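Student:
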Amino acid sequence: MASTACTPPLPAPGELTGPRSRARGALLGLAVGDALGAPAENLKPSEIRARWGRITGFVADRPQGTDDTEYALFSGLLLARHGSALTPAHAEAAWHEWITERATFRGAGFSERGTLENLRRGLAAPISAQHRHAWSDGLAMRAAPFGVFAAGRPGEAARLVAIDGSVSHEGEGIYGGQAVAAGVAAAMAGAPVPVVIAAALAVIPDDSWTAR
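All you need for our numbering is the position in the sequence shown, starting with 1, plus 97.
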């Protein structure tokens, strides 16, 4: 018989729609989805099908997440420390404290590497976000905790994630993070999918690449 020692108890049906359950689902879903997709990153759909067929479960012997999960934790820690009072100075200080100095978060995509290089050169936000990958999804990948924190308040989620992103992203990179954060905030309040999408689009410019 398989051990259940590490298996948490299932919530009662009435608890599945509560804010705590939704928050847990949002963050665990991010981490599990990250680990599911990590082995297939950068592969073409045809290559994925040839290797695994349709992926319906973990394909690695030791599933693990990537910088997507690590930096979402980083955002969560920022919010736990500062909440709605978060400022660009707070975010920049956290990058120095937890990433450039302690190397607590070791994974890094292109946008993170560009940011770290600028911070180590002594550049401050928002100048630290002026690198070749400031448009990328590096902010979007860590945006979900802002939506969880600002449940039911998509505009506040978008405001806060833009503050975090001012250290590492510009333009479309900020818009992507805002769309994800706002969408999660709407979903946290129980909004149906069309409303979630509308909330995500409402916080970014209509003529942006992200909106299109």
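Note that CB positions come from ideal geometry on N, CA and C, so glycine has one too. As the structure is a prediction and not an experimental result, all values here were calculated from the model.
#1: Which runs of the alpha helix (DSSP H) fall wholly inside the stretch 141 to 196 and span at least 4 residues, in chain order?
#2: Per DSSP, what kind of secondary structure is leucine 133 in: helix, strand or coil?
#3: Rounded to whole angstroms, what is the Cα-Cα separation between glutamate 269 and aspartate 158?
#4: Quick one: grab the DSSP three-state call for phenylalanine 202.
#5: Quick one, are the C-beta atoms of alanine 231 and histidine 187 less than 7 Å apart?
#6: So for valine 264, helix, strand or coil by DSSP?
#7: Using only the alpha-carbon positions, how far apart do leucine 213 and aspartate 261 sit?
#8: Specify, as a first and last residue, the run of the alpha helix (DSSP H) that leucine 220 falls within.
#9: Under the rule that 16 or more other beta-carbon atoms within 10 Å means buried, what is proline 242, buried or exposed?
#10: Thinking C-alpha only, which one of Val245, Phe207 and Val264 is nearest alanine 222?
Tutor: This is what the structure holds:
#1: 142 to 149, 164 to 179 and 185 to 191
#2: Working through the sequence shown from its first residue, we reach residue 133 at position 36. Leucine 133 falls in the helix class under three-state DSSP.
#3: As a working note, residue 269 is residue 172 in the sequence shown. As a working note, residue 158 is residue 61 in the sequence shown. Rounded to the nearest angstrom, the two C-alpha atoms are 36 Å apart.
#4: Your numbering for residue 202 matches position 105 in the sequence shown. Because the pLDDT at phenylalanine 202 is just 49, under 50, the model does not fix this residue reliably, and the point stays unresolved.
#5: Taking the sequence shown and counting its residues from 1, the one referred to as residue 231 is at position 134. Taking the sequence shown and counting its residues from 1, the one referred to as residue 187 is at position 90. Not closer than 7 Å, so no.
#6: What you label residue 264 is simply residue 167 of the sequence shown in a count that begins at 1. Correct three-state label for valine 264: coil.
#7: The sequence position of residue 213 within the sequence shown is 116, counting from 1. The sequence position of residue 261 within the sequence shown is 164, counting from 1. If I take the Cα positions, the gap works out to 14 Å.
#8: Position 123 of the sequence shown, counted from the start, is the residue given in the question as residue 220. Leucine 220 -> no alpha helix (DSSP H), and no H or E assigned at all.
#9: For this step, residue 242 is matched to residue 145 along the sequence shown. Buried, since its Cβ has 16 or more Cβ neighbours within 10 Å.
#10: Position 125 of the sequence shown, counted from the first residue, corresponds to residue 222. Out of Val245, Phe207 and Val264, Val264 has the C-alpha closest to the C-alpha of alanine 222.
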